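S.K.:
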Amino acid sequence: MIKFENVSKSFGRINAIENISFEIADGEFVFLTGASGAGKTTILRLILGEYLPDSGRIFFNKEDISTISKSQIPYLRQQIGSVFQDFKVLPERTVRENVEVALAVIGIPQNDWEIRVKNILKLVNLYKRAHLFPQQLSGGELQRVSLARALVVNPKLILADEPTGNLDWDTAAGIMELLERIHKEGKTIIMATHHQGLIKHAKHRVIKLNDGKLEE
Amino acid sequence: MNIHLKTALDYIRRSPFQAVAAFFVLTLTFFVATNMAILAYASGQSLKYFETRPQIIAFIKDDGTSETISALQNKLNLDTRIKDVRYVPKEEALEIYKKATEDNPLIAELVSPSIFPASLEFSVVDLQLAQNVIDEIKAEAIVDQVGFTASLSGEKSLNTVVARLKTISQYVRYGGLILVGILAFTSFLVLLIIITMRMATRKSEVEILNLIGARPGFIRNPIVLEATIYSLWGVFIGWLLSFILWLYLTPSVVSYFGQISILPREPLQFFIIFLIILAAELMVGLFLAVTGSLFAVNRALKRRR
């Protein structure tokens, strides 16, 4: 699914990641872990095409995305569901509209939205709150909106960048439970986190980063 | 409903003060633009009236015979500087007089055709030639006097009259254009500012949409639609207010200017003129909305990958 070959990226004089190589297969759940500034978010952003690597190659579904053009980036991102630490929920749209926008982006006909949105909102337990705005939701609920939006397009890959970072332990556990359910359905998940408790509890493969380099 | 249209309507509904500001500025612009267009049309019509009326009248002496008058008329017809030559006999001159004094028929009864001179009326193809032609006609043996038909403030020459009319007309046209241009520029700026403010407050929304794979058109379309709705609505309301105003004013204006048809007397023609103005304004409004919003949106999108 994802392959990094000797990938390096720096910002000015700071080497965010240096000579990273790894491979993630279809259906794997992988934690990217390391201290703040270790390069976890940089790796996720490289996969999303937000940056291009300074050197090395990145493959997504056997396709080299390390030199992807600007016009092709939306199509790459439409295949990836993203969940972020700061939720990144559209503030002026309701829960339902936030999920629907993902379907509109990939061009699903409006007639098909109702059933898909209903199923996803039930999965994340937000069906009864579909009419509410983000300001009316808790942190855990906002993260579930973000997750619902990521899942509704049936992506090949889910990238989660510190999805439990702003949540209390119980809420974080709830989010992890959802991610586990999704993983059991066959989705590939890459989750960046420095939360050791979650990593130990989940028992999935771990890629450790230290100062931009892979730890053996 | 199309999602982009729904999003645009939601944006408008959820930011009512910005919407009202844009709406007012655009309505004012197109209200003024419609009125300026009508004034320009009216001034053009009045100028056309004076330009196409017989401008020069050569009054024939009483001893002029039909042969000499015909000879002069033929001479004038062959002159390439002159057009629309017409002979007005005494009887017709009396009829013209009667018509001009029809509100006081007693005056008309006191006169007979014999006191009115026959005349040759004609126009010049270029008003700059008028003075030379007048001087030549004055030298003709059978011509008693030469006059010209239009005089606004006692001008002594036709050129002065027409120059004054042209100046007035130009003031109306160019002044109107400048005023409308300023208002249109103001509208463009207001739209630009509102859209830029939208983009600023929606910076996070643009970032999120980018991250979930929205193409630039998906991000841009609701915003362009929103600007278009403001613009077309402003055009229509501004035009409608002007239309109602002129519906009310037209009878008085037409009556005041009498023979000069500065505005159409027929309702259908009146309506057609307003429809043409509406069509032109809709195109301008659309242009303002699309260019302003695209400029603002593209600036915001350019910075992102």
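Here the protein sequences come in this chain order: A and B. Residues 10 to 225 in the numbering used here are what the first sequence lists, from first letter to last. Residues 60 to 364 in the numbering used here are what the second sequence lists, from first letter to last. Every residue, glycine too, gets a C-beta built ideally from N, C-alpha and C. Keep in mind the model is a prediction, meaning the values are calculated, not measured.
Relative to the alpha-carbon of A:Leu141, which residue among A:Asn128, A:Val108, A:Phe69 and A:Tyr84 has its alpha-carbon at the smallest distance?
M.R.: Out of A:Asn128, A:Val108, A:Phe69 and A:Tyr84, A:Val108 has the C-alpha closest to the C-alpha of A:Leu141.
S.K.: The alpha helix (DSSP H) that contains B:Tyr146, what's its start and end?
M.R.: Looking at the DSSP string, B:Tyr146 is not in any alpha helix (DSSP H); the run it does join, the beta strand (DSSP E), is Ile141 to Val147.
S.K.: Can you confirm whether B:Gly351, when its beta carbon is compared against all beta carbons of chain A, has any partner nearer than 9 Å?
M.R.: Cβ-Cβ to chain A under 9 Å: no for B:Gly351.
S.K.: Among the residues of its own chain, which have a CB less than 6 Å from the CB of A:Ser147, if the five just before and after it don't count?
M.R.: Excluding positions up to five away in sequence, the list is empty.
S.K.: Is A:Ala169 close to chain B? Criterion is C-beta to C-beta, closer than 9 Å.
M.R.: Not closer than 9 Å to any Cβ of chain B, the Cβ of A:Ala169 fails to qualify, so no.
S.K.: According to DSSP, is A:Lys12 helix, strand or coil?
M.R.: It is a strand residue.
S.K.: Short of 9 Å Cβ to Cβ, which residues in the stretch 73-96 of chain A face chain B?
M.R.: The residues in question are Lys79, Ser80, Ile82, Pro83, Tyr84, Leu85, Arg86, Gln87, Gln88, Ile89, Gly90, Ser91 and Phe93.
S.K.: Taking all protein chains shown into account, decide if B:Thr124 is buried (16 or more other Cβ within 10 angstroms of its Cβ) or exposed.
M.R.: Exposed is the call here.
S.K.: Chain D partners of A:Ile199, CB-CB under 7 Å?
M.R.: This model lacks chain D altogether, as its protein chains are A and B.
S.K.: How far does the alpha helix (DSSP H) with A:Ala169 in it extend, from its first residue to its last?
M.R.: A:Ala169 -> not in any alpha helix (DSSP H); beta strand (DSSP E) instead, spanning Leu166 to Asp170.
S.K.: Roughly how many angstroms lie between the CA atoms of A:Val39 and A:Leu176, to the nearest whole one?
M.R.: Their backbone Cα atoms lie some 20 Å apart in a straight line.
S.K.: Indicate whether at least one CB of chain B lies closer than 9 Å to the CB of A:Val104.
M.R.: No, A:Val104 lies away from the interface with chain B (no Cβ there is under 9 Å from its Cβ).
S.K.: Any C-beta of chain B within less than 9 Å: which residues of the stretch 118-134 of chain A qualify?
M.R.: So the close ones are Gln119.
S.K.: Using a Cβ cut-off of 8 Å, pull out every chain A residue sitting near B:Glu264, in sequence order please.
M.R.: Near B:Glu264 (Cβ distances below 8 Å), the residues of chain A are Leu99, Pro100 and Glu101.
S.K.: Could you tell me which of A:Ile216, A:Ile198 and A:His203 sits nearest to A:Glu37, measuring between CA atoms?
M.R.: Closest option to A:Glu37, Cα to Cα, is A:Ile198.
S.K.: Check the DSSP bridge columns for A:Phe31 and list the partner residues they point to.
M.R.: A:Phe13.
S.K.: According to the Cβ coordinates, are A:Asp1 and A:Lys18 closer than 9 Å?
M.R.: Residue coverage of chain A in this structure runs from 10 to 225, which leaves residue 1 of chain A outside it and unanswerable.
S.K.: For A:Thr103, collect the residues of the same chain with a Cβ closer than 8 Å to its Cβ; drop the 5 residues on either side in sequence, then sort them by chain order.
M.R.: Hits under 8 Å: Ala139, His140, Leu141 and Phe142.
S.K.: Look up B:Glu180 in the DSSP assignment and give the residues it is bridged to.
M.R.: DSSP, once it has assigned bridges, lists B:Ile116 and B:Arg145 as partnering B:Glu180.
S.K.: So, does the CB of B:Ile71 fall closer than 9 Å to a CB anywhere in chain A?
M.R.: By this cut-off, B:Ile71 is not an interface position.
S.K.: Residues bridged to B:Lys157 by DSSP?
M.R.: Answer is none; B:Lys157 lacks a bridge partner.
S.K.: Helix or strand or just coil, what does DSSP make of A:Gln88?
M.R.: Looking at A:Gln88 - three-state DSSP - the assignment turns out to be coil, as it is neither helix nor strand.
S.K.: Would you mind reading off the limits of the beta strand (DSSP E) that contains B:Val424?
M.R.: The structure shown does not extend to residue 424 of chain B, since chain B is modelled only from 60 through 364, so no value can be given for it.
S.K.: Below 9 Å between beta carbons: does that hold for A:Ile184 and A:Gly149?
M.R.: Cβ distance < 9 Å, so A:Ile184 and A:Gly149 count as in contact.
S.K.: Can you find a CB in chain B that lies within less than 9 Å of the CB of A:Arg158?
M.R.: Output row for A:Arg158: interface = yes.
S.K.: From this set, A:Lys71, A:Asn24, A:Ala34 and A:Gly65, which residue's C-alpha is nearest A:Lys49's C-alpha?
M.R.: Ranking the options by Cα distance to A:Lys49, first place goes to A:Asn24.
S.K.: Are the beta-carbon atoms belonging to A:Ile29 and A:Lys217 less than 9 Å from one another?
M.R.: For A:Ile29 and A:Lys217, no; Cβs fall outside 9 Å.
S.K.: Let me check you understand the geometry: is the CB of B:Ala96 closer than 8 Å to at least one non-hydrogen atom of the ligand COA?
M.R.: Absence of the ligand COA from the depicted structure is noted, as is the absence of any ligand whatsoever, leaving it without description.
S.K.: Does the beta carbon of A:Val110 sit closer than 9 Å to a beta carbon anywhere in chain B?
M.R.: So yes, A:Val110 belongs to the interface.
S.K.: Identify whether A:Asn24 lies in helix, strand or coil by the three-state DSSP scheme.
M.R.: Here A:Asn24 sits in strand by DSSP.
S.K.: Are the stretch 268-275 of chain B and the stretch 327-340 of chain B touching by the rule of at least three beta carbon pairs closer than 8 Å?
M.R.: The stretch 268-275 of chain B, when compared against the stretch 327-340 of chain B, does not touch it at the 8 Å Cβ threshold.
S.K.: Quick one: Cα of A:Ile124 to Cα of B:Phe89, how far?
M.R.: Between A:Ile124 and B:Phe89, the C-alpha separation is close to 46 Å.
S.K.: Check whether the stretch 205-215 of chain A touches the stretch 50-61 of chain A, taking contact to mean three or more Cβ pairs, one atom from each stretch, closer than 8 Å.
M.R.: These segments do not touch.
S.K.: Is DSSP giving A:Glu72 helix, strand or coil here?
M.R.: A:Glu72: strand per DSSP, three-state reduction.
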